[in-house]
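Working notes for the structure below.
In my numbering, the protein residues as written are 8 to 361.
Structural data, given as structure tokens:
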């Protein structure tokens, strides 16, 4: 039990070191990595992973550890109402558990559109992170802790491989992510397996809720979890989860090296930009490698908040080729690319033509 708590502590320290050492970090005020307690919002569904994170942080807060203070923990739970009264019972159960642990719990119910082709998984994800960001801001929390585990990382990497991905996608789930100025998402359990989670919960006698939708194999992620990974473990490699994690760590290192080069290329190639349009110098782009140019386009899509969901490798490759041909290209979600002499213009199709 103590071994699990110490693993969570190491994960928490790793997250805070990453935030402090990030290129855009405004803080380097804790030499030697001695971190004062910070107000922390815990995203808790009531499932095994999030309950293990809650109990481990609660144990750290009650000990003499300075990383976590009992008064600085807040729990947040979003009820999507997808399972009717079962969802309501889970929310009520969690409030009672938090009351027993003397930790404030903020819950909210948001029912989502379950019609055909609504992208329910993506809707839930967006609603959840919007809710968490809103609550964290209101509660003056600097970090939001979510309970993704080593198994989640393996599932994500495998999902990206099956769907089709590049080196960036092999990185999987990042351990930390900036949500807005002064607010970061952290994942202290990312190096801890689901098996270790269950052993810890059993040792401390902590109950958790079972979400029946997690067994619904109509969702791709659940098929990977319940069918693909068990098959790979049984037939090919019992340590496949750890192998996929090592792959993600190496991909993250490589991506970090390339990202700095992408930033330099984008700065050099950008002529001007506004909220709807980005103009680039094709001669600068053509002087770089194909991979860096494709990654530069990917960064533009992220910064412009253009959807990448329907952008496959062929689209990025055709966009790369456009920098040399002088043609016009229509891309998914009404994005238009056009070359005029040495100028490449990227914009939404309904933007002003300038």
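We treat Cβ as the ideally placed atom computed from N, Cα and C, and that holds for glycine. Just so we're clear, the structure is a prediction, and the values are computed from it rather than from any experiment.
Residue(s) in a DSSP beta bridge with residue 50: Residue 50 is bridged to 83.
Could you tell me which uninterrupted alpha helix (DSSP H) segments, each at least 4 residues in length, are contained entirely in the region 134-201, listed from first to last along the chain? For the region 134-201, whole alpha helix (DSSP H) runs of length 4 or above, ordered along the chain, are 157-170, 174-177.
Thinking C-alpha only, which one of 104, 76, 254 is nearest residue 163? 254
Compare the C-alpha of residue 324 against each of 14, 77, 296, 290 and name the closest. 296
Cα-Cα, which of 9, 176, 113, 24 is closest to residue 64? 9
What are the boundary residues of the beta strand (DSSP E) that includes residue 115? 112-116
Applying the 10 Å Cβ sphere with the 16-neighbour rule, what's the burial state of residue 145? exposed
Which two residues bound the contiguous beta strand (DSSP E) that contains residue 219? Unbroken run through residue 219: none, as it is neither H nor E.
Is it the case that the Cβ atoms of residue 179 and residue 320 are separated by a distance below 9 Å? Cβ atoms of residue 179 and residue 320: not closer than 9 Å.
Who pairs with residue 337 in a beta bridge, going by DSSP? 343
Let me know the secondary structure DSSP gives residue 285 once reduced to three states. strand
Identify whether residue 17 lies in helix, strand or coil by the three-state DSSP scheme. helix
Any idea what DSSP makes of residue 280, helix, strand or coil? strand
Is the separation between the beta-carbon of residue 143 and that of residue 80 shorter than 9 Å? no
Beta-carbon separation of residue 152 and residue 50 under 9 Å? Result yes, Cβ atoms of residue 152 and residue 50 sit closer than 9 Å.
Looking at C-beta atoms only, is the number of pairs between the region 308-318 and the region 335-348 that lie closer than 8 Å three or more? yes
In angstroms, rounded to a whole number, what distance separates the CA positions of residue 165 and residue 281? 37 Å
CA-to-CA distance, residue 161 to residue 83, given in whole angstroms: 26 Å
Range covered by the beta strand (DSSP E) that runs through residue 351: 350-355
Just reading off the alpha helix (DSSP H) that residue 307 is part of, what are its end residues? That run of the alpha helix (DSSP H) goes 297-311.
Buried/exposed call for residue 237, threshold 16 Cβ in 10 Å: Here residue 237 is exposed, its C-beta having fewer than 16 other C-beta atoms within 10 Å.
Short of 6 Å in beta carbon distance, which residues of its chain neighbour residue 57, apart from the five on each side in sequence? Order them along the chain. 51, 154
Proximity of residue 197 and residue 156 at Cβ, strictly below 9 Å: Result yes, Cβ atoms of residue 197 and residue 156 sit closer than 9 Å.
Thinking just about the alpha-carbon of each residue, which of 75, 100, 85 is nearest to the one in residue 117? The residue with the shortest Cα to Cα distance from residue 117 is 85.
Could you check the C-alpha separation between residue 199 and residue 334 for me, to the nearest Å? 50 Å
Answer yes or no: do residue 150 and residue 66 have a C-beta to C-beta separation smaller than 9 Å? no
Buried or exposed: which applies to residue 224, given that a residue is buried once 16 or more other Cβ atoms fall within 10 Å of its Cβ? Exposed, by the Cβ-count rule.
Beta-carbon within less than 7 Å of residue 19's beta-carbon, same chain only, minus the 5 sequence neighbours each way: which residues are those? Around residue 19: 74, 195.
Please tell me whether residue 55 and residue 272 are closer than 9 Å, where the distance is taken between their beta carbons. no
Compute the Euclidean distance between the alpha carbons of residue 274 and residue 268, then round it to the nearest angstrom. 10 Å
Which of helix, strand or coil does DSSP assign to residue 123? In this prediction, residue 123 scores a pLDDT of 49, lower than 50, which makes its location untrustworthy; the coordinate-derived value is nonetheless stated afterwards. If DSSP states are grouped into helix, strand and coil, residue 123 belongs with coil.
Rounded to the nearest angstrom, how far is the Cβ of residue 286 from that of residue 350, given a contact under 8 Å? The C-beta separation of residue 286 from residue 350 comes to about 6 Å, placing the pair in contact by the 8 Å criterion.
Taking the straight line between their C-alpha atoms, what separation do you get for residue 214 and residue 98? 14 Å
Note down, in chain order, each residue of its chain lying with its Cβ closer than 6 Å to the Cβ of residue 329, except the 5 sequence neighbours on either side. 336, 344, 346
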